[in-house]
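In the working numbering, the protein residues as written are 321 to 494. We treat Cβ as the ideally placed atom computed from N, Cα and C, and that holds for glycine.
Right under this line is the structure:
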């Protein structure tokens, strides 16, 4: 900080010895030492308070980051990354016929019955209501699947198949 060498220090000591005198010089040096100690203590306290403020601000920043990370919604972030303008979501959203039907029915009731279908604009035509398909039960197989390469086992209690008898209607006549 200060560039004070031995020569400058000796010069200050000689001037202090002449000005203060040899009798009061030890008292003055002791007082200077006390003041320098107080200044160092104050500098240490100031430095520690600055360090504490920095630590608190870093902790606050870390706390804010942790809070932000806990509020992070991975599904929403993925959706925004894949479809930022929402075009994909609009293209794949299901179309509800009930929403369009009430607005289209009064317009269709006001139209004349003899008007040809080709003259109406395609946007004003409503599609026919969807008819749900009849419920078909899923096929169930009560027998467990046999391992690959295994021969099917015949149950011991199953009756033997009757011998095939030729039927007069189905057999060719010679």
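N- and C-terminal bounds of the alpha helix (DSSP H) containing residue i
i: residue 368; result: 345–390
i: residue 341; result: Counting along the chain, residue 341 falls outside any alpha helix (DSSP H), and DSSP gives it neither H nor E.
Beta-carbon gap between residue i and residue j smaller than 9 Å
i: residue 340; j: residue 330; result: no
i: residue 387; j: residue 399; result: no
Residue i (DSSP reduced to helix, strand or coil)
i: residue 402; result: helix
i: residue 395; result: helix
i: residue 332; result: helix
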